[in-house]
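>
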Amino acid sequence: MTGPIIELKEITKKYDNQYAVDHLSLTIQKGEIFGLLGPNGAGKSTTILMMLGLSEPTSGSVSVCGIDSTRYPLEVKARVGYLPDDLGFYHHMTGLENLMYTAALNGIPKQEAKELATQLLDRVGLNHAADKKTGKYSRGMRQRLGLADVLIKKPEVIILDEPTLGIDPEGVRELLKLIKELNEQENITVLLSSHHLHQVQQICDRVGIFVSGKLLAEGNLARLAQQLFFEDTFVVNVTAEGIEQSLLEELHKINGVNRVEKLNTSLEIYCDRDVTSIIAEKIIQSGARLSYINKKDYGLDEIYHRYFEGREAT
Amino acid sequence: MPSLSKLLPTESLDSERPRSQMALQRRNAFQAIVRKEFTDYLTSWRIIILLVIILLTCVGSLYTAITSIQDALNASNDAKEIAKDSFLFLKLFTVSDGTLPPFITFVGFIGPLLGIALGFDAINSERNKGTLSRLMAQPIPRDYVLNAKFVAAILINVVLFAILGLIVTALGILIIGIPPSFEEFARIALFITLCICYIAFWLNLGILFSVRFKQAATSALSGMAVWIFFSVFYSMIIQIIAKVMFNPEAITTQSAAISRQETILNLMRLSPNYLFNESTSILLSPSVRSTGPLTMEQTAGAIAGPLPLSQSLLLIWPQLTGLIAATLICFAISYLLFMRQEIRGSQ
Numbered sequence: 045m046t047g048p049i050i051e052l053k054e055i056t057k058k059y060d061n062q063y064a065v066d067h068l069s070l071t072i073q074k075g076e077i078f079g080l081l082g083p084n085g086a087g088k089s090t091t092i093l094m095m096l097g098l099s100e101p102t103s104g105s106v107s108v109c110g111i112d113s114t115r116y117p118l119e120v121k122a123r124v125g126y127l128p129d130d131l132g133f134y135h136h137m138t139g140l141e142n143l144m145y146t147a148a149l150n151g152i153p154k155q156e157a158k159e160l161a162t163q164l165l166d167r168v169g170l171n172h173a174a175d176k177k178t179g180k181y182s183r184g185m186r187q188r189l190g191l192a193d194v195l196i197k198k199p200e201v202i203i204l205d206e207p208t209l210g211i212d213p214e215g216v217r218e219l220l221k222l223i224k225e226l227n228e229q230e231n232i233t234v235l236l237s238s239h240h241l242h243q244v245q246q247i248c249d250r251v252g253i254f255v256s257g258k259l260l261a262e263g264n265l266a267r268l269a270q271q272l273f274f275e276d277t278f279v280v281n282v283t284a285e286g287i288e289q290s291l292l293e294e295l296h297k298i299n300g301v302n303r304v305e306k307l308n309t310s311l312e313i314y315c316d317r318d319v320t321s322i323i324a325e326k327i328i329q330s331g332a333r334l335s336y337i338n339k340k341d342y343g344l345d346e347i348y349h350r351y352f353e354g355r356e357a358t
Numbered sequence: 004m005p006s007l008s009k010l011l012p013t014e015s016l017d018s019e020r021p022r023s024q025m026a027l028q029r030r031n032a033f034q035a036i037v038r039k040e041f042t043d044y045l046t047s048w049r050i051i052i053l054l055v056i057i058l059l060t061c062v063g064s065l066y067t068a069i070t071s072i073q074d075a076l077n078a079s080n081d082a083k084e085i086a087k088d089s090f091l092f093l094k095l096f097t098v099s100d101g102t103l104p105p106f107i108t109f110v111g112f113i114g115p116l117l118g119i120a121l122g123f124d125a126i127n128s129e130r131n132k133g134t135l136s137r138l139m140a141q142p143i144p145r146d147y148v149l150n151a152k153f154v155a156a157i158l159i160n161v162v163l164f165a166i167l168g169l170i171v172t173a174l175g176i177l178i179i180g181i182p183p184s185f186e187e188f189a190r191i192a193l194f195i196t197l198c199i200c201y202i203a204f205w206l207n208l209g210i211l212f213s214v215r216f217k218q219a220a221t222s223a224l225s226g227m228a229v230w231i232f233f234s235v236f237y238s239m240i241i242q243i244i245a246k247v248m249f250n251p252e253a254i255t256t257q258s259a260a261i262s263r264q265e266t267i268l269n270l271m272r273l274s275p276n277y278l279f280n281e282s283t284s285i286l287l288s289p290s291v292r293s294t295g296p297l298t299m300e301q302t303a304g305a306i307a308g309p310l311p312l313s314q315s316l317l318l319i320w321p322q323l324t325g326l327i328a329a330t331l332i333c334f335a336i337s338y339l340l341f342m343r344q345e346i347r348g349s350q
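Respectively, the protein sequence lines represent chains A and B. Here our numbering is used: position 78 in the first sequence is 122, and no number is missing along the way. Here our numbering is used: position 75 in the second sequence is 78, and no number is missing along the way.
(1) What residues are listed by DSSP as bridge partners for Q62/A?
(2) State yes or no: is the C-beta of T97/B within less than 9 Å of the C-beta of F109/B?
(3) Can you give me, in chain order, the residues of the segment 96 to 108 of chain A that have a beta carbon less than 8 Å from any beta carbon in chain B?
(4) Mind checking whether V282/A and I327/A have CB atoms under 9 Å apart?
(5) Mind checking whether V108/A and E51/A have CB atoms under 9 Å apart?
(6) Between the alpha carbons of P100/B and Y338/B, how many angstroms are there, rounded?
(7) Secondary structure at L338/A, three-state DSSP: helix, strand or coil?
(8) Grab me the residues of L209/A's own chain with a C-beta within less than 7 Å of its C-beta, minus the 5 sequence neighbours each way, in chain order.
(9) For E281/B, tell me which candidate among F232/B, Y201/B, L116/B, A140/B has the shortest Cα-Cα distance.
(10) Within the 9 Å Cβ cut-off, does I51/B reach chain A?
(11) Would you please state the rounded distance, in angstroms, between the beta carbons of Y134/A and T178/A? I believe it to be under 8 Å.
(12) In three-state terms, what does DSSP make of T233/A?
(13) Per DSSP, I252/A forms a beta bridge with which residues?
(14) Assuming L259/A and Q243/A are in contact, meaning their beta carbons sit under 8 Å apart, how far apart are those beta carbons, in whole angstroms?
(15) Just the chain A side, please: which residues come within less than 7 Å of M139/B by C-beta, in chain order?
(16) Quick check: what's the CA-CA separation for A357/A versus I247/A?
(17) Which residues of chain A have a Cβ atom closer than 9 Å to the Cβ of I143/B, listed in chain order?
(18) Return the first residue and the last residue of the alpha helix (DSSP H) that K306/A is part of.
(19) List the residues of chain A whose Cβ lies closer than 8 Å to the Cβ of I346/B, in chain order.
(20) So, helix, strand or coil for D316/A, using DSSP?
(21) Name the one or two DSSP bridge partners that R333/A has.
(22) Given Y314/A, which residues of its chain have a CB within under 6 Å of its CB, disregarding the five upstream and five downstream residues?
(23) With a threshold of 16 other CB atoms inside 10 Å of the CB of N150/A, please say whether the residue is buried or exposed.
(24) Which one or two residues does DSSP pair with T162/A in a beta bridge?
(25) Going straight from the alpha carbon of L319/A to that of G300/A, what length do you get?
(26) For the putative contact between T233/A and V201/A, defined by C-beta atoms under 8 Å, what is the C-beta separation to the nearest angstrom?
(27) Can you grab the Cα-Cα spacing for the pair K158/A / V168/A, in whole Å?
(28) Which residue marks the beginning of the beta strand (DSSP E) containing L127/A, and which one marks its end?
(29) How would you list, in chain order, the residues of chain B whose beta-carbon sits under 7 Å from the beta-carbon of L131/A?
(30) List the residues of chain B that Y126/A touches, going by C-beta distances under 7 Å, in chain order.
(31) Indicate the three-state DSSP secondary structure (helix, strand or coil) for S290/A in the structure shown.
(32) Could you check which residue in W205/B, F194/B, V247/B, T283/B has the C-alpha nearest to that of M227/B?
(33) Less than 9 Å between CB atoms is the rule here; does K53/A satisfy it with respect to chain B?
(34) Along the chain, which unbroken stretches of the beta strand (DSSP E) at least 3 residues long are found entirely within the segment 86 to 153 of chain A?
(35) Please name the residue in P182/B, P144/B, L197/B whose C-alpha comes closest to that of I157/B.
(36) When the Cα atoms are used, what is the spatial distance from S290/B to V37/B?
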């Protein structure tokens, strides 16, 4: 397949003179898992609704699977599975009935729908609860049923809005594994939005950081770190006793170290390349008793946290 | 674990599908929603209870009507002959011995409740349960949801009133022993259509509130408030206005009195309950000749006798149109509101 499967060009959405989405451009290739990351109220859900044609952009164009979502929402919705964040089912119907209703809305004949629904329930691990009323499902089960519900229309793209919200860690792991499997085995493109960074980081090929309607940075983790922080890409944490002023000066002289901060017995050393071993050597040479040294890996959490820390200061 | 690769085609076929097939698929989707809503109504306690209440009141009022008619029939031998000419069968719906109100009063009173109960949580419950956004993510036009819910509720009404009408007719034939004439049957059929239109108005009012208000309780209470206002307070208010207007000192001529009477009547007709009562009484009592005031001159020389069906129909035409118009207005407003609403979570 050629060409991006989701393409947003300069889209904006205005509510009462305020931008919910501000000139956003984004392309997602087929077969990717893309994570849309941002705090609550960043405009993630609004963007997703515009992709599905459920909300009209104030300006700009959205195309999904090569179809203009704003003008032909039905064609788009036939190919895209959407798992909303406030997912709900008809309580008085069983899991199987709920799936079959969705299948009927997608024009799948009853016999075929039943087979498909049973297979999908098996796949998401809910075959034991197929005939149970969804009112009695736990949150994690509902979310998995939601995934089956999304898949029943045989989508090319699935869009998951906060799929891991409110599930226990084990449930999250299983759900993410399932998403990854779907992506690998069926070659379904996945777009998922979240504010849980370490979860996104586990499965996403690419991540976009989205704050107040703007895409701040996108790419894989290493690129994100580069985009957001040109310096101080590495932070080394040191705990030692007997740190003297001369040691701090020594550390400062190491090539690549930008900044050294001292808090009681611990040090935080910001550097633009990995100089952990040299730091350790210097500390031991100075005679201080080193008890702990750690190079911080840049998880998304850190990127996120430091980004916002920086923003509040300005 | 079974693999989905067989089930999930890499190429979507939609673009190659002919348009007619798409249309067929959408019609099937529409039917699927109607079917589900209809089943939901039939299995929900709320509706079952209401249906039982309506059935019971119907049987109750039918019983009182039958006993009073039988008493009259047994009184003399000629009564049966007279009965045939005077639309006795229709009396089943309008007559009572005083212990229970007649059938038409019951329908006028409880019908709105049924309509509101069918409609008040149509949209907002879907929204609160989080099923609306899931529904909207399926390839169906947005208005299908609203239209299908309306169609399902109307279907319930049609079935209910067809059953009620036929039960009353059947029992009437069995107990009184006089079969209805064709005209009587046509009048009963029209009366039932009128009931359905009347309930459709309240149904649409319920749907309108369900689109407008996020909480089901708010929309139910607003619906009930309108219902109570029109069935209890509205006539009181009009009576107060009438008292002021018919102040004897202000009325000097006969034409002034008539024009004021007409004004009061027209004010009354703003209430859907009044429109319904007026038109049902004309349909079921063929001897009623006018909905407005008649002067002595107008009635002079008139031969007392029932109106033919076509004339009765002509008489209630404005009422019927008004009722349908009110229904359509409610539906149009809810349609517009719904189409413009954000499909967003309940937050």
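Ideal Cβ positions, reconstructed from N, Cα and C, are used throughout, including at glycine.
Concretely, from the data shown:
(1) Y59/A
(2) no
(3) L96, L98, S99
(4) yes
(5) The answer is yes: Cβ separation under 9 Å.
(6) Here the sequence assigns Asp to residue 100/B, which means Pro is not the residue at that position. Answer to the nearest angstrom: the Cα atoms are 45 Å apart.
(7) The sequence given here has Asn at residue 338/A, not Leu. Correct three-state label for N338/A: strand.
(8) D129
(9) Y201/B
(10) no
(11) 7 Å
(12) strand
(13) Correcting the residue type first, residue 252/A is Gly in the shown sequence and not Ile. In the DSSP output, where bridge partners are listed per residue, G252/A has L80/A, E262/A.
(14) Contact flag wrong, Cβ pair sits at about 20 Å.
(15) Here the neighbours are L98.
(16) Caution applies to A357/A, whose pLDDT of 43 falls short of 50 and renders its modelled position unreliable; the model cannot decide the point.
(17) L118, K121, L149, N150
(18) For K306/A, there is no enclosing alpha helix (DSSP H); the enclosing beta strand (DSSP E) covers residues 301 to 307.
(19) L93, L98, S99
(20) coil
(21) E285/A
(22) D276, V279, N302, R303
(23) buried
(24) Partner(s): none; T162/A has no beta bridge.
(25) The displayed chain sequence assigns Val, not Leu, to residue 319/A. Approximately 7 Å, taken between the alpha carbons.
(26) 5 Å
(27) 15 Å
(28) 124 to 127
(29) G133, R137
(30) A140
(31) helix
(32) Closest option to M227/B, Cα to Cα, is W205/B.
(33) With a threshold of 9 Å between beta carbons, K53/A makes no contact with chain B.
(34) 103 to 108, 124 to 127
(35) L197/B
(36) 41 Å
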